[in-house]
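Peer 1:
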């Protein structure tokens, strides 16, 4: 089923807005992969949810703003769009991580390069993670690749 440009723009706007609002804070510090070892399993939950079309799995580690900004109906659109543009997820590698301060909160931004079946140049997946009740939660999620920009 084809999605129109407005639906794609809506999804990307929500995701970019959430991530962009976190990245505009001042102060940042690069951190090592071992310091963000918790991020890999969180991203695995997100990617497994996309693969299985399972919103509960996908949003399991989301903060409240992400759950509100990306509900089930937008998730369904996101899954269809990703599958049509980049295909099936195959693997990921850690690219880098940094911390950002915004509104007296610290966010950890973690970037992975992922291999997808229809995207020869790979897909950059950026997670923005915050703390909620002593647990790391996804506050922003962004996918970027040449095919996704078409």
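In the numbering used here, the protein residues as written are 5 to 154.
Idealized CB from N, CA, C, for every residue including glycine.
1. So, is residue 67 buried or exposed, given that buried needs 16 or more other C-beta atoms within 10 angstroms?
2. DSSP on residue 47, reduced to helix/strand/coil?
3. Taking 8 angstroms as the threshold, find out whether the stretch 45–52 comes into contact with the stretch 80–91 through three or more Cβ pairs.
4. My output table needs one value for residue 154: the three-state DSSP class, helix, strand or coil.
5. With 16 as the cutoff for other CB atoms within 10 Å, does residue 139 come out buried or exposed?
6. Please work out which residues of its chain come closer than 6 angstroms, Cβ to Cβ, to residue 37, disregarding the five sequence neighbours upstream and downstream, and give them in chain order.
7. For residue 56, count neighbouring Cβ atoms within 10 angstroms of its own Cβ and tell me buried if that reaches 16, exposed if not.
Peer 2: The short version:
1. Taking the first residue of the chain shown as position 1, residue 67 is located at position 63. Flag for residue 67 reads buried.
2. Locating residue 47 in the chain shown gives position 43, where the first residue counts as 1. DSSP places residue 47 in helix when its eight states are reduced to three.
3. Using a C-beta cut-off of 8 angstroms, the stretch 45–52 makes no contact with the stretch 80–91, since fewer than three inter-stretch Cβ pairs fall below that distance.
4. Translated into positions along the chain shown, residue 154 becomes position 150. Note: residue 154 maps to coil in three-state DSSP.
5. Counting from 1 along the chain shown, the entry for residue 139 is found at position 135. Answer is exposed; the Cβ neighbour count stays below 16.
6. The residue labelled residue 37 in the question sits at position 33 within the chain shown. Around residue 37: 98.
7. In the chain shown, counting from the first residue as 1, residue 56 sits at position 52. Counting Cβ neighbours within 10 Å, residue 56 comes out exposed, since fewer than 16 surround it.
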